[in-house]
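A.B. asks:
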Amino acid sequence: MKNLKKDYSPLVYRLVAKIPKGKVTTYGQIAKKLKMKSARLVGQILHNNSDPVKTPCHRVVFADGKLSKSYAFGGAKKQKEKLMNEGITFVKNKIDFKTFLYSL
DNA sequence: TGTGTGACGATCG
DNA sequence: GCGATCGCCACAC
């Protein structure tokens with residue numbers, strides 16, 4: 004019996020923290036990189052995240068380029084605003100991956 | 001111990 | 001093209 008969540012948390016945070024300013028990634032990419040069973044785990048861990056300051060979760064979005072509806076730091080609208088502040092542009096309320104997707 | 005839930009993703013209709 | 005549904009698996013209750 005191990006604390007799988009606590010085991011993945013630092014990995015997810017580390018990976019997310021590596022995302023440079025002006026770039027974004029998806030839950031699926033993180034999950035795949037960390038050999039996680041499902042992308043949902045990434046989201047659950049990030050939501051359970053106790054250090055949002057060191058973890059720019061706003062740079063983590065859906066595979067479609069959309070934002071999470073349950074963004075914990077003020078809503079998807081706030082998240083979008085943060086991303087635009089990083090220099091990321093939106094197309095039809097979606098992130099332009101071909102320009103801003105960060106390869107893990 | 002079992003059931004429900006969820007920052008997702010892919011597929012079906 | 002968009003909406004709805006299922007599957008994924010760890011965690012909370």
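Residue numbering for the first sequence follows the working numbering, starting at 4 and increasing by one per position. Glycine included, C-beta positions come from ideal geometry on N, C-alpha and C. No experiment lies behind these values; they were computed from the predicted model shown.
In angstroms with no decimal places, state the Cα-to-Cα distance between I91 and A66.
C.D. replies: On the first sequence, residue 91 is found 88 positions in, with the first residue counted as 1. On the first sequence, residue 66 is found 63 positions in, with the first residue counted as 1. Each residue's Cα considered, the two are about 16 Å apart.
A.B. asks: With DSSP as the reference, please indicate the residues paired to L104 in a beta bridge.
C.D. replies: Mapped onto the first sequence, residue 104 falls at position 101. Its beta-bridge partners are V27.
A.B. asks: Using 10 angstroms around the beta-carbon of R43, count the other beta-carbons present and answer buried if the total reaches 16, otherwise exposed.
C.D. replies: To locate residue 43, count along the first sequence from 1; it is residue 40. Exposed, since its Cβ has fewer than 16 Cβ neighbours within 10 Å.
A.B. asks: If you follow the alpha helix (DSSP H) that I22 is part of, which residue opens it and which one closes it?
C.D. replies: Position 19 of the first sequence, counting from 1, holds the residue named residue 22. Careful: I22 lies outside any alpha helix (DSSP H) and carries neither H nor E.
A.B. asks: Taking the beta carbon of G25 as the centre, do at least 16 other beta carbons fall within 10 Å, making it buried, or is it exposed?
C.D. replies: For the purposes of this step, residue 25 is identified with residue 22 of the first sequence, where counting begins at 1. By the 10 Å Cβ count, G25 comes out exposed.
A.B. asks: Here's a check: name, in chain order, each residue in its chain whose Cβ is nearer than 8 Å to the Cβ of A20, leaving out the five neighbours to either side.
C.D. replies: Here residue 20 refers to the residue found at position 17 of the first sequence. Contacts found: K57, T58, P59.
A.B. asks: On a CA-only basis, which of G46, P13, H50 is nearest G31? Give me that one, please.
C.D. replies: Your numbering for residue 31 matches position 28 in the first sequence. Of the candidates G46, P13, H50, the one whose C-alpha sits nearest the C-alpha of G31 is G46.
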